[in-house]
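Trainee: Following the working numbering, the numbering of the sequence shown begins with 2 at its first residue and continues without gaps.
Beta carbons are placed, not taken as given, at the ideal position from N, Cα and C, and that holds for glycine.
Every value quoted in this text rests on a predicted model; they were computed, and no experiment measured them.
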Amino acid sequence: MKKLALLLAAFLTLVPAVKAELRVPAIIGDHMVLQQNQADPIWGWDTPGTKITVSFAGQSYTTTAGTDGKWKVKLAPLPANATPQTLTISGSTKRELQDVLIGEVWMCSGQSNMRWTLAGVWNGDLEAAASKLPNLRLIIVPNVGTQELQNDFKGGWEASTPESAKKFSAVGFLYGRYLHQILNVPVGLIDNSWGGSVAEAWVRRSSLEQDPRFKPLVESVVKKEAAVQTEKANLDYAQAMTQWKAAAEKAKVEKQTPPGAPESPHQWLTGNQRLGNIFAGVLNPTIGYGLKGVIWYQGEGNAGRAYEYASLFPFLIEQWRKEWGQGDFPFYWVQLANYLPEKPTPGDSAWAELRESQAKTLQLTNTGQAVIIDLGEGKTIHPKNKHDVAARLVRWALVKDYGLKLPYRSPEFKRLTIVSNLATVTFDCFGSQLRTFGVEQARGFAVCGADKAWHWATGKIAGTNQVEVTSQEVPAPVAVRYAWADNPVCNLFSNDGLPVTPFRTDDFQMVTEPKPLVKP
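1. Find the nearest neighbour of residue 395 within the set 332, 200, 281 and 468, judged by alpha-carbon distance.
2. Just the Cα atoms here: how many angstroms apart are residue 26 and residue 40?
3. When DSSP builds the beta bridges, which residues end up paired with residue 107?
4. When we look at the beta-carbon of residue 128 and count the other beta-carbons within 10 Å, is it buried (16 or more) or exposed?
5. Less than 8 Å separating the beta-carbons of residue 165 and residue 139?
6. Between residue 362 and residue 220, what straight-line distance do the alpha-carbon atoms span, to the nearest angstrom?
7. Would you call the segment 68-78 in contact with the segment 104-121, where contact means no fewer than 3 C-beta pairs closer than 8 Å?
8. Within 10 Å of its beta-carbon, does residue 508 have 16 or more other beta-carbons around it, so buried, or fewer, so exposed?
9. Taking the straight line between their C-alpha atoms, what separation do you get for residue 50 and residue 62?
10. Who pairs with residue 28 in a beta bridge, going by DSSP?
11. Do the CB positions of residue 186 and residue 58 come within less than 8 Å of each other?
12. Between residue 308 and the rest of its own chain, which residues show a CB-CB distance below 6 Å, the 5 nearest in sequence each way excluded?
13. Looking at the secondary structure, which residues open and close the beta strand (DSSP E) in which residue 124 lies?
14. Taking the CB atoms as reference points, tell me whether residue 485 and residue 358 lie closer together than 8 Å.
15. Any idea what DSSP makes of residue 288, helix, strand or coil?
16. Using 10 angstroms around the beta-carbon of residue 482, count the other beta-carbons present and answer buried if the total reaches 16, otherwise exposed.
17. Determine contact between the segment 161-180 and the segment 116-131, defined as no fewer than three beta-carbon pairs at a distance below 8 Å.
18. Taking all protein chains shown into account, do 16 or more other C-beta atoms lie within 10 angstroms of the C-beta of residue 428, making it buried, or fewer, making it exposed?
19. Which residues in the same chain have their Cβ closer than 6 Å to the Cβ of residue 338, if we skip the five residues on either side of it in sequence?
20. Note down, in chain order, each residue of its chain lying with its Cβ closer than 7 Å to the Cβ of residue 23, except the 5 sequence neighbours on either side.
21. Given 8 Å as the limit, is there contact between the segment 412-425 and the segment 198-206, that is, 3 or more CB pairs closer than that?
22. Among the residues of its own chain, which have a CB less than 7 Å from the CB of residue 32, if the five just before and after it don't count?
23. Expressed to the nearest angstrom, what Euclidean distance is found between the alpha-carbon atoms of residue 457 and residue 318?
24. At 3 residues or longer, what runs of the beta strand (DSSP E) sit wholly inside the segment 433-499?
25. From residue 178 to residue 269, what does the alpha carbon distance come to, in whole angstroms?
26. Tell me whether residue 277 sits in a helix, a strand or coil according to DSSP, three-state version.
27. Buried or exposed: residue 287, going by 16 or more other Cβ atoms within 10 Å of its Cβ?
28. Note down, one range per segment and in chain order, each alpha helix (DSSP H) of at least 4 residues found wholly within the segment 207-260.
29. Look at the alpha carbon of residue 329 and the alpha carbon of residue 352, and state the distance between them as a whole number of angstroms.
30. Cα separation between residue 311 and residue 334?
31. Assuming contact is defined by CB atoms lying nearer than 8 Å, are residue 325 and residue 273 in contact in what I supplied?
32. Is the Cβ-Cβ distance between residue 145 and residue 283 less than 8 Å?
33. Pick from 241, 254, 281 and 276: whose alpha carbon is nearest that of residue 262?
34. Whole beta strand (DSSP E) runs in the segment 141-189 with 3 or more residues, listed along the chain?
35. So what does residue 82 bridge to, in DSSP terms?
36. Which residue marks the beginning of the alpha helix (DSSP H) containing residue 44, and which one marks its end?
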């Protein structure tokens with residue numbers, strides 16, 4: 002009897018752990034926008050075996066919570082609707098989600114230039130003051146770095162107001178406002194960006210581990226994981242902190258800028274550099290929510306590994322599309338801006354190589370690139386002109402996804418013809434034509450001969466889509482580069498104001514290409 006009583010007591014202690022109340026994730030809540038014209042998933046959790054009924058806009062669906070408590074239904078496609086509606090969910094309890102709209106939903110991802118808030122950009126105060134738009138909805142996903150897949154986050158949808166807009170992504174907000182006002186439909190924006198993040202942190206770890214192309218990347222992360230979890234790492238950090246505190250105090254006395262604090266081992270393990278950390282902690286809780294597409298502003302964190310990024314970035318896009326399971330949704334990104342000091346002589350550049358890797362990703366279907374080689378600031382990695390960034394991004398969506406007739410794509414290199422000392426570059430101008438800004442000469446070109454030594458060249462527009470390039474130092478050119486630098490001086494645009502995409506015609510070894518190991 003005593004043994005039976007103990008078993009009964011043990012069973013009763015398990016009952017509260019099994020029973021759960023009806024719950025939905027933060028991404029599904031009051032004030033949300035559902036994606037129009039597609040089947041949108043609605044999901045949540047309840048006591049296992051509980052019958053769940055979801056009702057919305059004349060539709061009603063019934064399902065049962067699984068053994069893990071998870072349930073999901075899919076709403077039939079609905080047209081855009083700016084009239085607030087109630088979505089009702091009945092299970093062990095009842096939830097009524099209020100003020101639900103139907104329109105266009107876009108995710109705003111990347112690192113600090115996407116995270117940069119409206120309050121921090123040029124004219125941000127005016128933009129925020131003009132942001133009382135009740136049918137433009139915003140939600141921010143907190144930065145959580147972990148290896149454990151999260152299914153929810155702390156947050157909620159808000160209507161755009163001067164208060165909510167100024168703390169939201171500037172690029173995201175301005176992009177969404179264009180869509181909202183031009184299309185005249187509700188728009189929902191999801192900001193899940195994380196400053197300083199690397200691309201590999203945004204991808205499911207197991208997917209990277211299974212792809213042989215990323216074996217060196219995975220091995221380097223595993224090595225660091227082992228290193229930062231040793232007693233030596235803790236001791237080194239403690240010593241570094243002691244030295245930093247002394248240096249910070251000295252800087253304070255001398256009224257100088259204090260040095261940055263050292264990174265703790267724990268900080269790296271839960272930060273934005275570890276393989277899969279952002280996928281698990283930030284992206285996973287939103288996967289499956291009905292989207293129109295993604296805008297992306299990232300690459301600075303991977304600039305030193307631009308060669309690898311040519312495989313990693315398209316892999317990220319393909320994996321996200323696979324995770325969502327709603328086809329090849331649009332994915333538009335911002336190419337890296339000009340940054341760092343200008344260099345007096347032409348040559349190699351890791352940032353230029355990263356831009357090239359981004360441009361190569363246009364080979365994927367339903368992708369687009371906003372070129373902003375003219376919008377950067379050499380002294381800061383965070384240029385404050387985010388308005389033009391958003392405008393160049395939204396042109397892609399308005400044309401490709403919503404059928405408007407607008408200039409949307411920067412001119413791109415098409416072919417090179419060399420006759421004697423004259424190199425003629427032909428561009429695809431996508432219905433426009435070339436022009437220079439500021440001066441007649443097309444600046445930013447460099448040429449090299451067989452010796453691979455680069456020299457500045459003179460550029461002259463010939464016709465509508467060609468530039469003739471010559472250099473007295475190179476009588477027999479073999480290759481041409483344009484805007485190939487961290488912070489290039491260049492002035493070639495389309496007549497519509499879109500800058501020519503940086504390019505190179507050579508296939509010389511990249512400075513970011515891993516060098517083969519030399520065997521002893």
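Mentor: In terms of the structure at hand:
1. 332
2. 18 Å
3. 190 and 294
4. buried
5. yes
6. 25 Å
7. no
8. exposed
9. 16 Å
10. Residue 28 pairs with nothing; no bridge assigned.
11. no
12. 511, 513 and 514
13. Where residue 124 is concerned, there is no enclosing beta strand (DSSP E), given that its DSSP letter is neither H nor E.
14. no
15. coil
16. buried
17. yes
18. buried
19. 373, 376, 377 and 384
20. 45, 47, 90, 92, 93, 94 and 96
21. no
22. 100, 138, 158, 159 and 160
23. 36 Å
24. 435-437, 446-449, 455-457, 459-463, 467-471, 480-483 and 493-495
25. 36 Å
26. coil
27. buried
28. 216-229 and 232-254
29. 28 Å
30. 14 Å
31. no
32. yes
33. 241
34. 159-161
35. 103
36. First-last for residue 44: 41-46, but that is the beta strand (DSSP E), not the alpha helix (DSSP H).
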